[in-house]
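Numbering (this note's numbering), first residue to last: 52 to 274.
Just so it is clear, CB atoms sit at the ideal spot from N, CA and C, and this is done for glycine as well.
Below: one structure, written as structure tokens.
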């Protein structure tokens with residue numbers, strides 16, 4: 052389990068209570084440390100404060116959701132419904148407001164873990180190919196030791212393919228996930244943006260090894 056909070060007294064109380072109930076507890080004081088700890092420690096659940104000193108907790112949720120389906124429970128002093136909606140829309144599984152009862156939090160933790168139907172096994176924050184590296188948590192791509200600048204649309208396309216690496220991703224699914232339901236038939240968008248990605252990432256863009264076209268069906272990411 053990963054506890055992310057910049058209030059030492061809350062972290063200490065959670066560590067004591069959770070450890071006493073058999074949980075192995077990792078902690079992080081800010082968002083950057085949280086993403087690193089999650090990638091390295093592979094926790095089975097994340098308890099996350101929104102008011103972190105470096106980035107907002109919703110950004111941490113988005114970073115985690117780039118590569119993992121681990122249950123995320125927000126533990127925050129923010130009681131406004133807008134904050135709750137934003138956190139849940141970003142990918143949080145539950146929202147508990149401070150001050151909180153330990154028994155309620157534990158019950159919600161158990162429920163979140165039970166609901167995690169998708170196994171975390173095999174999920175990796177970093178996808179490596181022979182030509183480039185995709186960091187799904189940090190939302191960055193590196194090639195030959197240097198970061199490759201991608202537009203938000205290029206990143207959205209690459210992220211969707213990388214999260215489904217080795218699997219055929221249909222044209223309609225890609226268009227809906229990256230551009231939205233209204234663009235389900237705009238297949239020329241895919242050709243244009245895949246060509247751009249290949250120019251930036253493939254050693255031989257005209258003979259792609261990693262961003263492969265399945266004619267008439269979709270695309271496949273091959274590490």
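Within the segment 135 to 184, note down every full alpha helix (DSSP H) run reaching 4 residues or more, in order along the chain.
-> 153 to 166
Specify the secondary structure class of residue 193 as computed by DSSP and reduced to three states.
-> Correct three-state label for residue 193: strand.
Can you give the Cα-Cα distance for residue 91 and residue 255, rounded to whole angstroms?
-> 33 Å
Can you give me the start and stop residues for the alpha helix (DSSP H) that residue 84 sits inside?
-> 82 to 92
Can you round the beta-carbon distance between residue 182 and residue 253 to whole angstroms, since I take them to be within the 8 Å contact cut?
-> 7 Å
Report the option in 161, 127, 111 whose CA atom is closest to the CA atom of residue 147.
-> Closest by alpha carbon: 127.
Straight-line CA distance for residue 224 to residue 70?
-> Between the alpha carbons of residue 224 and residue 70 lies a gap of roughly 42 Å.
Among 201, 136, 187, 112, nearest to residue 251 - alpha-carbon criterion = 201
Spatial neighbours of residue 186 in its chain, beta-carbon cut-off 6 Å, leaving aside the 5 residues before and after = Hits under 6 Å: 177.
Range covered by the alpha helix (DSSP H) that runs through residue 127 | It is not in any alpha helix (DSSP H) - residue 127 instead sits in the beta strand (DSSP E) that spans 123 to 127.
Short check: CB of residue 78 to CB of residue 64, under 9 Å?
-> no
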